[in-house]
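One line per chain: the protein sequences are A and B, in this order.
End of the first sequence sits at 707 in the working numbering; the numbers just go up one at a time, nothing left out.
End of the second sequence sits at 468 in the working numbering; the numbers just go up one at a time, nothing left out.
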Amino acid sequence: MPATFDQKIHETLADANLQLAIYTATGRLMDHRKHAVEPAALPDYQELRTNAHAIKQHAIDHLDHYLEQFEANVTAHGGKVVYAKDATEAADFVLALAKQHGARLIVKSKSMTTEEIDLNERLAHHDLEPVETDLGEYILQLAHQRPYHIVAPALHMTRYDVADIFARRLGVPNETVIEKQTMTARAVLRQKFLAADIGISGANFLVADSGAVVVVENEGNARLTTSAPAVHIAIAGIEKVIPRAQDLAVFLKLLARSATGQALTVYTSFLSGPRRAGEIDGPEEFYVVLLDNGRSRLLADREKRQSLYCIRCGACLNHCPVYRKIGGHSFPWIYSGPIGAIITPQFLGVMREPGLPFASSLCGACAEVCPVKIDIPKVLLELRAEVKKAEEREGKGRVERLAFKLWAWVMCHPRMYEMAAMAARSLAPADNSGWMRRVPALMDLPPVRAWLSQRDLPPAPPRSFREMWRKR
Amino acid sequence: MSREHVLHKVRTALGRTAGQAIAEPPPARLRIPVVDVETRIASLLRNVEALAGKTRRVATREDARAYVSGVLDSKSAVASNAPFLRECGITELPGVRSGLTDAHELRVHCATAGLGITSADYALADTGTLVMLASADEARLISLLPPVHIAVVPAERVLTSLDELFTVVPHPDARTSSMVLITGPSRTADIEQILVRGVHGPGEIHVVVVG
Chain A
236 MPATFDQKIH ETLADANLQL AIYTATGRLM DHRKHAVEPA ALPDYQELRT NAHAIKQHAI
296 DHLDHYLEQF EANVTAHGGK VVYAKDATEA ADFVLALAKQ HGARLIVKSK SMTTEEIDLN
356 ERLAHHDLEP VETDLGEYIL QLAHQRPYHI VAPALHMTRY DVADIFARRL GVPNETVIEK
416 QTMTARAVLR QKFLAADIGI SGANFLVADS GAVVVVENEG NARLTTSAPA VHIAIAGIEK
476 VIPRAQDLAV FLKLLARSAT GQALTVYTSF LSGPRRAGEI DGPEEFYVVL LDNGRSRLLA
536 DREKRQSLYC IRCGACLNHC PVYRKIGGHS FPWIYSGPIG AIITPQFLGV MREPGLPFAS
596 SLCGACAEVC PVKIDIPKVL LELRAEVKKA EEREGKGRVE RLAFKLWAWV MCHPRMYEMA
656 AMAARSLAPA DNSGWMRRVP ALMDLPPVRA WLSQRDLPPA PPRSFREMWR KR
Chain B
258 MSREHVLHKV RTALGRTAGQ AIAEPPPARL RIPVVDVETR IASLLRNVEA LAGKTRRVAT
318 REDARAYVSG VLDSKSAVAS NAPFLRECGI TELPGVRSGL TDAHELRVHC ATAGLGITSA
378 DYALADTGTL VMLASADEAR LISLLPPVHI AVVPAERVLT SLDELFTVVP HPDARTSSMV
438 LITGPSRTAD IEQILVRGVH GPGEIHVVVV G
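Rendered as structure tokens:
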């Protein structure tokens with residue numbers, strides 16, 4: 236495992252405050268979800284999941300058709316669809332449009348897709364001022380940090396961190412009351428909304444039969460972003476398209492419940508094109524950037540294709556025993572948790588962070604809570620196989636392969652197994668934590684040490700089952 | 258830009274050809290329980306209250322005007338051009354500005370008003386939701402910029418759920434460029450998961466059902 240992933244994990248594990256923050260926040264989100272999907276609250280929850288999976292499967296299997304239908308309908312409503320094959324093309328489009336409008340100030344609502352393409356950095360580099368307006372994202376932008384969680388971006392921060400960031404970056408007095416911090420952000424950002432030339436949003440869904448972008452949120456910042464400036468640009472991955480507006484009845488029931496336990500988020504905006512004749516306000520121009528950025532590569536594999544069904548609710552993060560210990564910033568890319576572990580290798584290549592698909596206990600909690608029933612453990616296993624194949628091609632992992640061959644041989648020979656178990660018992664007792672964390676000097680080799688640095692082994696029992704069986 | 262490039266990659270990966278016919282999508286899943294109007298209204302009000310919204314059921318338009326007048330309490334307000342508000346006499350209340358049709362003027366008024374008063378095209382009982390379709394009658398910013406939003410809704414516009422909404426309005430885009438569902442006051446829990454209301458949108462919402 237490369238040093239950075241490993242190191243970040245250990246840093247997170249060693250930070251008691253951070254551990255408490257992650258544990259508390261994810262625990263609360265788990266609780267909220269549980270109450271929102273229990274039979275009394277949503278009797279047909281399982282049916283809805285099955286239906287959502289079927290709709291996503293159908294949409295992704297016919298993605299070209301629905302993209303073209305979406306495009307035709309946006310165009311019919313007076314909007315414009317732009318396809319971008321990668322981050323550069325998406326940013327170039329925004330830059331060109333900003334130049335054409337003489338724009339400088341850009342308000343943004345929360346979008347993982349724009350995080351994915353480093354849009355803020357690219358825009359700032361060309362003297363534009365992109366301002367994040369979701370409270371959590373705004374705090375992170377001021378602190379120059381990445382989102383810690385798909386739906387709760389500043390999950391790792393405390394009110395004291397926020398007080399410090401606001402004081403330093405906004406020049407306001409140090410204020411630790413959360414309500415007052417929120418009102419500070421409201422006042423600063425309200426001015427930005429009213430002065431902005433362009434608003435950039437993401438999209439939770441693209442509705443093919445309506446040419447509509449659907450955005451869900453709680454704060455009202457996405458409504459302001461898409462209503463106040465004269466130009467609205469939505470940037471979305473091509474996988475976000477669903478066939479019909481009526482399908483929203485299924486997805487909207489699942490999304491907020493899975494994410495935060497709300498029946499619906501405070502605001503759900505269904506936006507199809509610019510302001511129409513007769514309408515009083517709203518943007519005069521409406522653009523949708525359809526981003527590929529590696530997504531079309533994922534389509535080729537029938538099994539792994541389901542990774543694109545994700546609706547970014549974050550439930551798999553909250554329920555993942557690994558995410559709950561190692562947190563969001565240990566992950567190599569902006570998508571963290573189980574969904575991050577399956578999409579990151581497919582977007583960036585499995586060898587970018589070969590340890591990623593292995594950082595899972597395969598407990599299956601992620602698949603159980605996924606509102607669109609993505610079989611994450613299955614995809615993880617496929618990716619593990621790909622990593623091993625790639626390592627073999629690169630001539631790596633010889634020691635590990637040898638170790639497993641030896642293991643297999645020992646397991647197939649009962650006498651050898653018993654001897655090995657006896658040796659383990661006398662040579663490697665548990666330490667005072669009750670776990671086996673050190674190996675005897677004879678076996679203290681770098682690969683063994685590396686293997687154990689990620690794993691706790693229970694100590695060998697004083698007597699084996701075989702011994703007990705013989706003496707019964 | 259890359260239209261053909263992206264579509265070509267998608268088709269190749271899926272093994273499809275341009276313009277190839279598609280299988281039928283799974284049938285739309287819309288279930289509408291039969292619920293009488295009084296139960297629907299009671300459920301709407303209960304759900305709005307559960308989200309810390311304020312509610313009032315009134316029998317007549319005059320009562321609706323009286324309620325709004327009470328909330329108004331000499332503050333300034335922008336009211337939408339919805340005919341129902343005019344019929345209730347709400348647009349005539351002192352301090353209420355209505356009849357705005359210019360985007361700039363509307364924005365200036367909304368940015369300083371203490372209250373935004375609208376009607377709603379529909380309300381959803383199951384979730385305590387207001388459904389607002391942007392039009393010449395309803396501007397987007399009235400329910401968004403002022404710190405308080407009052408929605409005055411005729412009783413017959415209360416539907417059961419999302420399923421009924423998408424049955425009644427299967428194609429929202431045929432009617433408006435913007436359909437917004439509003440479920441409770443604006444809120445955030447981004448700092449330590451502590452709930453704070455009124456972060457960007459109104460922190461106070463009143464739903465008045467008339468009739």
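C-beta atoms are modelled at their ideal positions from N, C-alpha and C, and glycine is treated no differently.
As the structure is a computational prediction, the values presented were derived from the model and not from experiment.
For residue i and chain A, any beta-carbon pair shorter than 7 Å?
| i | result |
| --- | --- |
| B:Thr312 | no |
| B:Leu302 | no |
| B:Arg268 | yes |
| B:Arg322 | no |
| B:Ala393 | yes |
| B:Pro290 | no |
| B:Gly458 | yes |
| B:Gly468 | no |
| B:Ile407 | no |
Between residue i and residue j, what straight-line distance do the alpha-carbon atoms span, to the nearest angstrom?
| i | j | result |
| --- | --- | --- |
| A:His212 | A:Leu687 | In the structure displayed, chain A extends from 236 to 707; residue 212 of chain A sits before or after that span and is not available. |
| A:Phe240 | A:Glu282 | 38 Å |
| B:Leu287 | A:Arg339 | 45 Å |
| B:Phe341 | B:Ala316 | 14 Å |
| B:Leu401 | A:Cys545 | 30 Å |
| B:Ser331 | B:Thr445 | 29 Å |
| B:Ser376 | B:Val410 | 5 Å |
| B:Pro403 | B:Arg313 | 20 Å |
| B:Ser344 | A:Leu483 | The sequence given here places Glu at residue 344 of chain B; Ser does not occur at that position. Roughly 34 Å between the two C-alpha positions. |
| A:Ser595 | A:Tyr558 | 9 Å |
| A:Pro697 | A:Met703 | 10 Å |
| B:Val263 | A:Ser531 | 8 Å |
| A:Lys608 | A:Lys706 | 49 Å |
| B:Ile347 | A:Cys601 | 51 Å |
| A:Thr417 | B:Leu308 | 19 Å |
Strictly by DSSP, which residues pair up with residue i?
| i | result |
| --- | --- |
| A:Met671 | A:Leu692 |
| B:His463 | B:Lys311, B:Ile407 |
| A:Ile477 | A:Val442 |
| A:Ile341 | A:Pro365, A:Ile433 |
| B:Ile439 | A:Tyr502, B:Leu387 |
| B:Thr375 | B:Ala408 |
| A:Tyr318 | A:Leu525 |
| B:Thr445 | B:Val453 |
| B:Val353 | B:Ala334 |
| A:Leu615 | Answer by DSSP bridge pairing: none, since A:Leu615 is not bridged. |
For residue i, I'd like the list of residues in its chain whose CB is within less than 6 Å of its CB, leaving aside the five on either flank, ordered along the chain.
| i | result |
| --- | --- |
| A:Phe521 | Gly314, His467, Gly508, Pro509 |
| A:Arg479 | Asp444 |
| A:Leu490 | Ile546, Cys548 |
| B:Leu302 | Thr312 |
| A:Asp321 | Asn528 |
| B:Leu357 | Leu363 |
| A:Trp366 | Note on identity: in this sequence residue 366 of chain A is Val, with Trp being the wrong assignment. Correct list, in chain order: Val342, Lys427. |
Please tell me whether residue i has its Cβ less than 7 Å away from any Cβ of chain B.
| i | result |
| --- | --- |
| A:Tyr318 | yes |
| A:Val397 | yes |
| A:Gln376 | no |
Consult DSSP for residue i and reduce its assignment to one of helix, strand or coil.
| i | result |
| --- | --- |
| B:Thr312 | strand |
| A:Tyr502 | strand |
| A:His467 | strand |
| A:Arg284 | helix |
| A:Ser436 | strand |
| A:Phe521 | strand |
| B:Ile279 | coil |
| A:Thr579 | helix |
| A:Thr349 | helix |
| A:Ala512 | coil |
| B:Ile298 | helix |
| A:Arg537 | coil |
| A:Gly572 | helix |
| A:Leu405 | helix |
| A:Arg181 | No information on residue 181 of chain A is available, as it lies outside the stretch 236 to 707 that chain A covers here. |
Among residues of its own chain, excluding the 5 on either side of residue i, which ones have a beta-carbon nearer than 8 Å to its beta-carbon?
| i | result |
| --- | --- |
| B:Ile289 | Thr417, Ser418, Asp420, Glu421, Thr424 |
| A:Tyr570 | Met347, Glu351, Ile385, Ile578, Thr579 |
Given residue i, which residues of its chain have a CB within under 7 Å of its CB, disregarding the five upstream and five downstream residues?
| i | result |
| --- | --- |
| A:Arg458 | Tyr502, Ser504 |
| A:Thr500 | Val451, Glu452, Asn453, Ala491 |
List the residues of chain D whose Cβ lies closer than 7 Å to the Cβ of residue i, in chain order.
| i | result |
| --- | --- |
| A:Ala643 | In the displayed structure, chain D is absent; the protein chains listed are A and B. |
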